[in-house]
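Visitor: What follows is a single structure, and I will ask about it in a moment.
This is the structure:
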(Lines of atoms letter the chains of each structure in order from A and count residues from 1; the text may use other names and numbers.)
(Lines give C-alpha, C1' and ligand atoms only; values in the text may rest on other atoms or scores of the structure.)
Protein backbone atom coordinates (compact mmCIF):
# COMPACT_ATOMS: atom_id res chain seq x y z
CA UNK A 1 0.00 0.00 0.00
CA UNK A 2 1.33 3.44 -0.88
CA UNK A 3 1.76 6.05 1.82
CA UNK A 4 -0.77 8.81 1.37
CA UNK A 5 -1.13 11.10 4.37
CA UNK A 6 -3.66 13.87 3.83
CA UNK A 7 -2.67 15.66 7.04
CA UNK A 8 0.83 16.49 5.73
CA UNK A 9 -0.43 19.82 4.38
CA UNK A 10 -2.04 21.13 7.53
CA UNK A 11 0.73 19.70 9.72
CA UNK A 12 3.19 21.95 7.86
CA UNK A 13 0.87 24.88 8.54
CA UNK A 14 0.60 23.87 12.21
CA UNK A 15 4.40 23.87 12.42
CA UNK A 16 4.44 27.37 10.92
CA UNK A 17 1.71 28.43 13.35
CA UNK A 18 3.78 27.21 16.32
CA UNK A 19 6.59 29.63 15.48
CA UNK A 20 4.35 32.57 14.53
CA UNK A 21 3.85 35.28 17.16
CA UNK A 22 1.63 37.81 15.38
CA UNK A 23 -2.04 37.31 16.38
CA UNK A 24 -3.18 38.41 12.92
CA UNK A 25 -0.86 36.01 11.12
CA UNK A 26 -1.86 33.20 13.48
CA UNK A 27 -5.51 33.90 12.62
CA UNK A 28 -4.81 33.59 8.90
CA UNK A 29 -2.85 30.35 9.30
CA UNK A 30 -5.66 28.91 11.44
CA UNK A 31 -8.14 29.74 8.66
CA UNK A 32 -6.10 27.84 6.07
CA UNK A 33 -5.70 24.89 8.47
CA UNK A 34 -9.47 24.78 9.02
CA UNK A 35 -10.00 24.97 5.25
CA UNK A 36 -7.57 22.10 4.58
CA UNK A 37 -9.13 19.88 7.25
CA UNK A 38 -12.65 20.57 5.97
CA UNK A 39 -11.50 19.78 2.43
CA UNK A 40 -10.04 16.45 3.58
CA UNK A 41 -13.26 15.61 5.44
CA UNK A 42 -15.43 16.62 2.45
CA UNK A 43 -17.13 19.08 4.83
CA UNK A 44 -18.40 21.67 2.37
CA UNK A 45 -20.18 23.74 5.02
CA UNK A 46 -17.04 23.90 7.15
CA UNK A 47 -14.93 24.74 4.13
CA UNK A 48 -17.25 27.55 3.00
CA UNK A 49 -17.13 29.04 6.53
CA UNK A 50 -13.42 29.77 5.98
CA UNK A 51 -14.26 32.01 3.00
CA UNK A 52 -15.81 35.45 2.58
CA UNK A 53 -19.52 35.40 1.61
CA UNK A 54 -18.72 35.89 -2.12
CA UNK A 55 -15.31 34.27 -2.70
CA UNK A 56 -13.45 34.35 -5.98
CA UNK A 57 -11.01 31.66 -6.99
CA UNK A 58 -8.38 32.29 -9.64
CA UNK A 59 -6.96 29.18 -11.28
CA UNK A 60 -4.52 30.32 -13.92
CA UNK A 61 -4.19 28.03 -16.93
CA UNK A 62 -2.64 29.10 -20.20
CA UNK A 63 -2.95 32.75 -19.20
CA UNK A 64 -6.66 32.50 -18.40
CA UNK A 65 -8.52 32.57 -15.10
CA UNK A 66 -10.73 29.48 -14.95
CA UNK A 67 -11.50 29.57 -11.22
CA UNK A 68 -15.03 29.56 -9.79
CA UNK A 69 -16.61 32.84 -8.70
CA UNK A 70 -19.14 33.69 -5.99
CA UNK A 71 -20.57 31.55 -3.20
CA UNK A 72 -22.62 29.33 -5.50
CA UNK A 73 -19.81 28.91 -8.03
CA UNK A 74 -17.22 27.99 -5.40
CA UNK A 75 -19.56 25.61 -3.57
CA UNK A 76 -20.45 23.89 -6.85
CA UNK A 77 -16.75 23.61 -7.68
CA UNK A 78 -16.14 21.74 -4.41
CA UNK A 79 -19.27 19.59 -4.83
CA UNK A 80 -18.06 18.58 -8.29
CA UNK A 81 -14.51 18.07 -7.00
CA UNK A 82 -15.72 15.67 -4.29
CA UNK A 83 -17.96 13.81 -6.77
CA UNK A 84 -15.15 13.55 -9.36
CA UNK A 85 -13.40 10.60 -7.75
CA UNK A 86 -10.13 12.56 -7.41
CA UNK A 87 -10.65 14.57 -4.21
CA UNK A 88 -8.18 12.71 -2.00
CA UNK A 89 -4.94 14.65 -2.00
CA UNK A 90 -1.75 15.42 -0.15
CA UNK A 91 -0.19 18.85 -0.25
CA UNK A 92 3.48 18.88 0.71
CA UNK A 93 4.56 22.43 1.45
CA UNK A 94 8.17 23.26 0.62
CA UNK A 95 7.70 26.92 1.49
CA UNK A 96 5.12 28.91 3.46
CA UNK A 97 5.17 32.72 3.53
CA UNK A 98 2.84 34.71 5.79
CA UNK A 99 2.17 38.43 6.22
CA UNK A 100 -0.78 40.34 7.70
CA UNK A 101 -2.86 40.11 4.53
CA UNK A 102 -1.92 36.87 2.82
CA UNK A 103 -0.39 33.42 2.88
CA UNK A 104 1.33 31.66 0.04
CA UNK A 105 2.56 28.11 -0.03
CA UNK A 106 4.44 26.17 -2.64
CA UNK A 107 4.95 22.47 -3.03
CA UNK A 108 3.77 19.24 -4.59
CA UNK A 109 0.12 18.27 -4.58
CA UNK A 110 -0.46 14.58 -5.18
CA UNK A 111 -3.87 13.18 -6.06
CA UNK A 112 -5.31 9.79 -6.86
CA UNK A 113 -7.79 9.18 -9.63
CA UNK A 114 -8.71 6.96 -12.52
CA UNK A 115 -6.86 6.83 -15.80
CA UNK A 116 -9.77 8.73 -17.34
CA UNK A 117 -9.14 11.61 -14.92
CA UNK A 118 -5.37 11.44 -15.47
CA UNK A 119 -5.87 11.63 -19.25
CA UNK A 120 -8.23 14.59 -18.88
CA UNK A 121 -5.55 16.36 -16.82
CA UNK A 122 -3.01 15.84 -19.59
CA UNK A 123 -0.92 13.01 -18.15
CA UNK A 124 0.83 10.60 -20.54
CA UNK A 125 1.25 6.83 -20.58
CA UNK A 126 -2.25 6.06 -19.33
CA UNK A 127 -2.88 2.52 -20.56
CA UNK A 128 -6.09 1.80 -18.63
CA UNK A 129 -8.75 4.45 -18.07
CA UNK A 130 -10.36 2.40 -15.29
CA UNK A 131 -7.11 1.80 -13.36
CA UNK A 132 -5.99 4.17 -10.60
CA UNK A 133 -3.09 6.58 -10.88
CA UNK A 134 -1.05 8.79 -8.59
CA UNK A 135 -0.68 12.23 -10.18
CA UNK A 136 1.63 15.02 -9.03
CA UNK A 137 1.75 18.74 -9.75
CA UNK A 138 3.85 21.59 -8.40
CA UNK A 139 1.63 24.41 -7.18
CA UNK A 140 1.83 27.82 -5.62
CA UNK A 141 -1.34 28.95 -3.88
CA UNK A 142 -1.88 32.51 -2.71
CA UNK A 143 -4.55 33.27 -0.12
CA UNK A 144 -5.73 36.81 0.67
CA UNK A 145 -7.94 37.62 3.66
CA UNK A 146 -10.46 40.16 4.88
CA UNK A 147 -10.26 41.97 8.23
CA UNK A 148 -12.03 39.04 9.94
CA UNK A 149 -9.50 36.49 8.71
CA UNK A 150 -11.76 34.93 6.08
CA UNK A 151 -10.20 34.02 2.75
CA UNK A 152 -11.25 35.86 -0.40
CA UNK A 153 -10.46 32.62 -2.24
CA UNK A 154 -7.38 30.99 -3.70
CA UNK A 155 -5.10 32.11 -6.51
CA UNK A 156 -3.52 28.94 -7.82
CA UNK A 157 -0.61 28.56 -10.18
CA UNK A 158 0.56 25.10 -11.12
CA UNK A 159 2.66 23.03 -13.41
CA UNK A 160 2.73 19.31 -13.91
CA UNK A 161 5.09 17.03 -15.75
CA UNK A 162 2.82 14.94 -17.99
CA UNK A 163 5.04 11.93 -17.32
CA UNK A 164 4.90 12.28 -13.50
CA UNK A 165 2.10 9.77 -13.10
CA UNK A 166 2.19 6.31 -11.58
CA UNK A 167 -0.26 3.44 -12.00
CA UNK A 168 -1.24 2.03 -8.62
CA UNK A 169 -2.37 -1.58 -8.18
CA UNK A 170 -5.72 -1.98 -6.43
CA UNK A 171 -4.06 -3.76 -3.49
CA UNK A 172 -1.71 -0.79 -3.06
CA UNK A 173 -4.40 1.92 -2.94
CA UNK A 174 -4.45 3.76 0.40
CA UNK A 175 -7.44 3.04 2.62
CA UNK A 176 -8.49 6.70 2.68
CA UNK A 177 -8.96 6.58 -1.10
CA UNK A 178 -10.79 3.22 -1.04
CA UNK A 179 -13.13 4.60 1.67
CA UNK A 180 -13.70 7.76 -0.38
CA UNK A 181 -14.62 5.73 -3.46
CA UNK A 182 -17.02 3.63 -1.35
CA UNK A 183 -18.64 6.83 -0.10
CA UNK A 184 -19.24 7.72 -3.76
CA UNK A 185 -20.73 4.28 -4.40
CA UNK A 186 -17.71 3.18 -6.43
CA UNK A 187 -15.29 0.32 -6.03
CA UNK A 188 -11.65 0.32 -7.08
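Residue numbers (my numbering): 567 to 754.
For every residue, glycine included, the Cβ atom is placed at its ideal position computed from N, Cα and C.
Keep in mind that this is a model prediction, so the values were computed, not measured.
(1) Any contact between the region 666-680 and the region 698-705? By contact I mean 3 or more CB pairs, one from each, below 8 Å.
(2) DSSP beta-bridge partners for residue 700?
(3) Under the assumption that residue 692 contacts residue 685 (Cβ atoms under 8 Å), give the Cβ distance between them as a whole number of angstroms.
(4) So residue 617 and residue 604 are in contact, right, with Cβ under 8 Å, and what is the actual spacing, rounded?
(5) Taking the alpha carbon of residue 607 as the reference point, which residue from 623, 592, 587 and 576 has its own alpha carbon closest?
(6) Report all residues from its chain with a CB closer than 8 Å to the CB of residue 749; omit the five preceding and five following residues, and keep chain order.
(7) Quick check on DSSP: helix, strand or coil for residue 688?
(8) Residue 724 by DSSP, collapsed to three states: which one?
(9) Taking 8 Å as the cut-off, does the region 663-671 touch the region 700-715 (at least 3 CB pairs, one atom from each stretch)?
(10) Look up residue 705 in the DSSP assignment and give the residues it is bridged to.
Guide: A quick look at the data gives this:
(1) yes
(2) 678 and 732
(3) 5 Å
(4) 10 Å between Cβ atoms; not a contact.
(5) 576
(6) 608
(7) coil
(8) strand
(9) yes
(10) 673 and 724
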